[in-house]
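A.B. asks: Residues in the sequence shown are numbered from 1 upward in steps of one, following the UniProt record's numbering.
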Amino acid sequence: MSAQSHAVGTALPAAVIDASRRAERDARADKLFRGLLAAAGIFVLLTLIGIALSMLWGGREALAEFGIGFFFSAEWDPVNHKFGALIPIYGTLVSALIAMLIAVPVSFGIALFLTEIAPTWMRGPVSSAIELLAGIPSIIYGMWGLFVFVPLVGEHVAPWLNDTLGSWPLIGPLFTGPPLGIGMLTAGFVLAIMVIPFISSVMREVFLTVPTRLKESAYALGSTKWEVVWDIVLPYTRTAVVGGVFLGFGRALGETMAVAYLVGNSVKFTPSLLEPSTTIAALIANDFNESTGLHRSSLLLLGFVLFLVTFVVLAAARLMLLRLSRKEGNA
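#1: Say whether the region 227–241 touches the region 299–308, bearing in mind that this needs 3 or more beta-carbon pairs closer than 8 Å, one atom from each stretch.
#2: Can you give me the C-alpha to C-alpha distance between residue 278 and residue 87, rounded to a whole angstrom?
#3: Looking at C-alpha atoms only, which residue of 84, 150, 76 is the closest neighbour of residue 70?
#4: What are the partner residues of residue 277, as DSSP defines its beta bridges?
#5: In terms of residue numbering, what span does the alpha helix (DSSP H) encompassing residue 64 cover?
#6: In whole angstroms, give me the CA-to-CA distance for residue 181 and residue 256.
#7: How big is the Cα-Cα spacing for residue 8 and residue 29?
#8: Please report how far the alpha carbon of residue 159 lies from the alpha carbon of residue 43, in whole angstroms.
#9: At what residue ranges does the region 187–274 contain a whole run of the alpha helix (DSSP H), taking only runs of 4 or more?
#10: Quick one: any contact between the region 250–265 and the region 172–192, if contact means 3 or more CB pairs under 8 Å?
#11: Spell out the partners DSSP gives residue 77 in its beta bridges.
#12: Grouping DSSP H, G and I as helix and E and B as strand, with all else coil, what is residue 105?
#13: When the Cα atoms are used, what is the spatial distance from residue 105 to residue 154?
#14: If you count every other CB in all the chains shown that lies within 10 Å of the CB of residue 112, and 16 or more means buried, which is it?
#15: Give the secondary structure of residue 166 by DSSP, where H, G and I count as helix, E and B as strand, and everything else as coil.
#16: Rounded to whole angstroms, what's the CA-CA distance from residue 204 to residue 110? Just pull it up for me.
#17: Going by C-alpha distance, which of 268, 122, 100, 296 is nearest residue 284?
#18: By how many angstroms is the C-alpha of residue 246 removed from the C-alpha of residue 331?
#19: Examine the Cβ distances between the region 219–226 and the region 124–141 and report whether three or more of them are shorter than 8 Å.
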């Protein structure tokens, strides 16, 4: 009996020691894991700050030369060394807004079709086709738009817009111009095709998260499919839907090659969507190789402006999502 007690007494401390060592080892591993995650997050923040500061530092010469007026001047004359960012900013925002006006309802319809209407055998192929659209390089979209869509707009769409909407009092100037086929309207349409896969994929995924019981309960109470979508699906997923829309908007703001093919690359202000214009990304892509001195500094400052515009859009989306989440919590 005394031998058994002695064995237990010697084995128990060893087990306790092993458990203590294992706990210390797990604590060290957990601390290291937290440190790695924190370093990854800090690396992202430092990268963003570094990109912004490098653009601003590169544009310091233009900022010192033109001051705050650089952001409000519509003049871009490399020969006389006079530069302003107003026209590229205007073209960037207008082309992106045109893309979103087209892409959001189409993406909403695609997502609803795939989650609520389409038969099971069709959902897989259509979803795969949308993912393939997202993987096509932007230069392919630009080439397709230039050789296929531009002639279509120049021969049919632009004359029809001139004849039907060009004489309207308020929106007439937007649809008046020569039938060239290139311009902000063409660029916005191709941008819409490019962002539709991103927005529709996000919407589809979040629509699939709606519990089936909620929708079946609504159908059992006599709701139509549209009422289920409007009263059940959208309220349940509106936060993620808004996030997906602004994600597509940020994608449209920064697109370069496709827009450079289609927007016309004219640094002259025009209210018409049918006439050539430019965007920040397209202007940088076209002029950067030949730029020197003040011209290059102005292009780098334009890059900083594009960074700010994208940051403001995404920050606004974040604030909107926070407000929506607070309303949902108060409800």
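Positions of the beta carbon are idealized from the N, C-alpha and C atoms, including for glycine.
C.D. replies: Taking the definition as stated:
#1: A contact is defined here as three or more CB-CB pairs under 8 Å, and the region 227–241 fails this definition with respect to the region 299–308.
#2: Those two C-alpha atoms are separated by around 7 Å.
#3: Looking from the CA of residue 70, the closest CA among 84, 150, 76 belongs to 84.
#4: BP columns for residue 277 point to 264.
#5: Its alpha helix (DSSP H) spans residues 60–66.
#6: Roughly 19 Å between the two C-alpha positions.
#7: Interpretation of residue 8 is limited by its pLDDT of 47, a score under 50 that renders its predicted location unreliable; the figure taken from the coordinates is listed afterwards. The alpha-carbon atoms of residue 8 and residue 29 are separated by roughly 31 Å.
#8: The alpha-carbon atoms of residue 159 and residue 43 are separated by roughly 52 Å.
#9: For secondary structure counted as the alpha helix (DSSP H) over 4 or more consecutive residues, the region 187–274 holds these complete runs in sequence order: 212–220, 225–228, 234–254, 257–262.
#10: The region 250–265 vs the region 172–192: in contact.
#11: According to DSSP, which records beta bridges pairwise, residue 77 is partnered with 82.
#12: Under the three-state reduction of DSSP, residue 105 is assigned to helix.
#13: Cα-Cα distance, rounded: 25 Å.
#14: Buried, by the Cβ-count rule.
#15: Coil at residue 166, not helix or strand.
#16: Cα to Cα, residue 204 sits roughly 8 Å from residue 110.
#17: The shortest Cα separation from residue 284 among 268, 122, 100, 296 belongs to 296.
#18: Since pLDDT at residue 331 reaches only 45, below the 50 mark, its modelled position is unreliable, and no value is offered.
#19: Judged by Cβ distances under 8 Å, the region 219–226 makes no contact with the region 124–141, as fewer than three pairs qualify.
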